[in-house]
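Engineer: I am attaching a structure below and will ask some questions about it afterwards.
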Amino acid sequence: MSEPVPLVSPAPTAPSAAGADGPEVSIVIPVYNEAENLPDLVRRVGEALVPTGRSFELILVDDGSRDATAALMREAAARTPWLVPVVLARNYDQSSALQAGFDRVRGRYVVTLDGDLQNDPLDIPVLLDRLDADASVDMLSGWRRDRQDAEISRKLPSRIANALISRATGVHLHDYGCALKAYRREIIDRIRLYGELHRFIPSLAKDAGARIAEVPVRHHARTRGVSKYGIDRTFRVILDLVLIVFFMRYRQRPLHAFGGLGLWLLTPGLGMLGYLGALKLLGQDIGGRPLLMTGMLLSLIGVQLIVAGLVGEMLTRIYHEAGGRPQAHVRVDGATRRP
Numbered sequence: 001m002s003e004p005v006p007l008v009s010p011a012p013t014a015p016s017a018a019g020a021d022g023p024e025v026s027i028v029i030p031v032y033n034e035a036e037n038l039p040d041l042v043r044r045v046g047e048a049l050v051p052t053g054r055s056f057e058l059i060l061v062d063d064g065s066r067d068a069t070a071a072l073m074r075e076a077a078a079r080t081p082w083l084v085p086v087v088l089a090r091n092y093d094q095s096s097a098l099q100a101g102f103d104r105v106r107g108r109y110v111v112t113l114d115g116d117l118q119n120d121p122l123d124i125p126v127l128l129d130r131l132d133a134d135a136s137v138d139m140l141s142g143w144r145r146d147r148q149d150a151e152i153s154r155k156l157p158s159r160i161a162n163a164l165i166s167r168a169t170g171v172h173l174h175d176y177g178c179a180l181k182a183y184r185r186e187i188i189d190r191i192r193l194y195g196e197l198h199r200f201i202p203s204l205a206k207d208a209g210a211r212i213a214e215v216p217v218r219h220h221a222r223t224r225g226v227s228k229y230g231i232d233r234t235f236r237v238i239l240d241l242v243l244i245v246f247f248m249r250y251r252q253r254p255l256h257a258f259g260g261l262g263l264w265l266l267t268p269g270l271g272m273l274g275y276l277g278a279l280k281l282l283g284q285d286i287g288g289r290p291l292l293m294t295g296m297l298l299s300l301i302g303v304q305l306i307v308a309g310l311v312g313e314m315l316t317r318i319y320h321e322a323g324g325r326p327q328a329h330v331r332v333d334g335a336t337r338r339p
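According to UniProt numbering, the sequence shown is numbered sequentially starting from 1.
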């Protein structure tokens, strides 16, 4: 589990039902050192949403910025009734900031985007209209078809990551890295983010039963502030991908993962030991043979992996039975929710 995220600002109490006594749309934007962009960001979100007539809230989550971002958020909130500032006690990560925002949403729809103004808030109404019109879609993921990043250090790693994640998870998207996404609230209620899992929200949403579509959106070059991404992110994506694939395929059956690998190692290990045992019975000396050490090593590792799988099965049973957590979700009116 991820560590708790202490907050400077108090968390508003969310209603038990999505959208009850609350706005129709919740927009969540994590920000970090975006003081230069913040005034325009708030203004442009208002210009995009107010004309639609939809009730909405903008939840800005400051992830421990070192500039004036937090102060500007509070000043803007004092004169903007639909702005909800959330200030984290220190810099955690984008996943923790997003989750802090998700914990406070009250709307029937949830929209996320970045705070650097490269995503266009004018695309938000388009996504919301699509969710209204198409009950067969639970999540819309933006696709920056004409991406305006000039740096090869951002475009190339992004393409590699998109290909790897799509192939490994089975959720085929052109642009996993686009922060502009829209969800039905029920999907957000089923997702918990920690570490750096924000990159894999579509995969987590699919695991929660979401039906996902991809929509081309506008993208603008960054004009102010400094990008927080680098080529080293590609290597972190690979490590996180191992976790997400295991989570999606073996979360409820860890014995199949650990035990299956254990059997693959145990079987040849026992075969080697059986062969050497037969030679020993025939009077041959086997003490100095490398095959003996190899057989023992494979057998021990295989047994350990099978035991790890059994322990994982017991933990999974405790997780579902003691916590009363459902293993499946029921689809109602085009959305997925708890039975």
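Every residue gets a Cβ at the ideal spot worked out from N, C-alpha and C, and that includes glycine.
Look up GLU57 in the DSSP assignment and give the residues it is bridged to.
Structural biologist: DSSP output for GLU57 lists SER26 as bridge partner(s).
Engineer: How about TYR109 and VAL25: do their beta carbons lie closer than 8 angstroms?
Structural biologist: For TYR109 and VAL25, yes; Cβs fall inside 8 angstroms.
Engineer: If you draw a straight line from the alpha carbon of ARG190 to that of PHE247, how long is it in whole angstroms?
Structural biologist: If I take the Cα positions, the gap works out to 14 angstroms.
Engineer: Starting from SER136, trace the alpha helix (DSSP H) in both directions and tell me its first and last residue.
Structural biologist: That residue, SER136, is in no alpha helix (DSSP H); it is neither H nor E in DSSP.
Engineer: Of all the options GLY277, ARG43 and LEU273, which has the alpha carbon lying nearest to the alpha carbon of ALA77?
Structural biologist: When each option's Cα is compared against that of ALA77, the closest is ARG43.
Engineer: Go ahead and pull the three-state DSSP assignment for LEU98.
Structural biologist: Helix at LEU98.
Engineer: Ordered along the chain, which non-local residues of its own chain (more than five positions away) have a Cβ less than 7 angstroms from that of GLY302?
Structural biologist: Excluding positions up to five away in sequence, the list reads GLY262, LEU263, LEU265, LEU266 and GLY269.
Engineer: Assuming ILE212 contacts SER141 (C-beta within less than 8 angstroms), just tell me the rounded distance between them.
Structural biologist: At roughly 6 angstroms, the Cβ-Cβ gap stays under 8 angstroms, so ILE212 and SER141 are in contact.
Engineer: May I ask you to report which of helix, strand or coil DSSP gives THR80?
Structural biologist: In the structure shown, THR80 sits in coil (DSSP, three-state: anything other than H, G, I, E or B).
Engineer: DSSP has GLY142 in a bridge; who is on the other side?
Structural biologist: In the DSSP output, where bridge partners are listed per residue, GLY142 has VAL215.
Engineer: Could you compute how far the alpha carbon of ARG199 sits from the alpha carbon of MET272?
Structural biologist: Whole-angstrom Cα-Cα distance: 44 angstroms.
Engineer: Give the range of the beta strand (DSSP E) segment to which ARG44 is assigned.
Structural biologist: Looking at the DSSP string, ARG44 is not in any beta strand (DSSP E); the run it does join, the alpha helix (DSSP H), is 38 to 49.
Engineer: Run the CB neighbour count on ARG338, radius 10 Å, all protein chains shown included, and call it buried at 16 or more, exposed below.
Structural biologist: Residue placement at ARG338 is poorly supported in this model, since its pLDDT is 42, which falls under 50; the coordinates are not used for a value here.
Engineer: First and last residue of the beta strand (DSSP E) that includes ARG184?
Structural biologist: Note, ARG184: beta strand (DSSP E), 181 to 184.
Engineer: Just mark LYS280 as buried or exposed, buried being the case when its beta carbon has 16 or more other beta carbons within 10 Å.
Structural biologist: It is exposed - the Cβ of LYS280 has fewer than 16 other Cβ atoms within 10 Å.
Engineer: Expressed to the nearest angstrom, what Euclidean distance is found between the alpha-carbon atoms of ASP103 and GLN118?
Structural biologist: Rounded to whole angstroms, ASP103 to GLN118 spans 25 angstroms at the Cα level.
Engineer: If we require 4 or more residues per run, which alpha helix (DSSP H) segments fall completely within the stretch 244 to 324?
Structural biologist: The stretch 244 to 324 contains these whole alpha helix (DSSP H) runs: 254 to 281 and 290 to 323.
Engineer: Hey, out of ALA210, LEU241 and ARG289, whose CA is closest to SER136's CA?
Structural biologist: Considering only alpha carbons, the answer is ALA210.
Engineer: Looking at LEU127: is its Cβ nearer than 8 angstroms to the Cβ of VAL105?
Structural biologist: In this structure, VAL105 does not lie closer than 8 angstroms to LEU127 by Cβ.
Engineer: Let me know if residue 350 comes out buried or exposed under the rule of 16 or more other beta-carbons within 10 Å of its beta-carbon.
Structural biologist: Examination of residue 350 is not possible in this model, given that the chain is present from 1 through 339 alone.
Engineer: ILE201 lies in the alpha helix (DSSP H); which residues open and close that run?
Structural biologist: 201 to 207 is the extent of the alpha helix (DSSP H) around ILE201.
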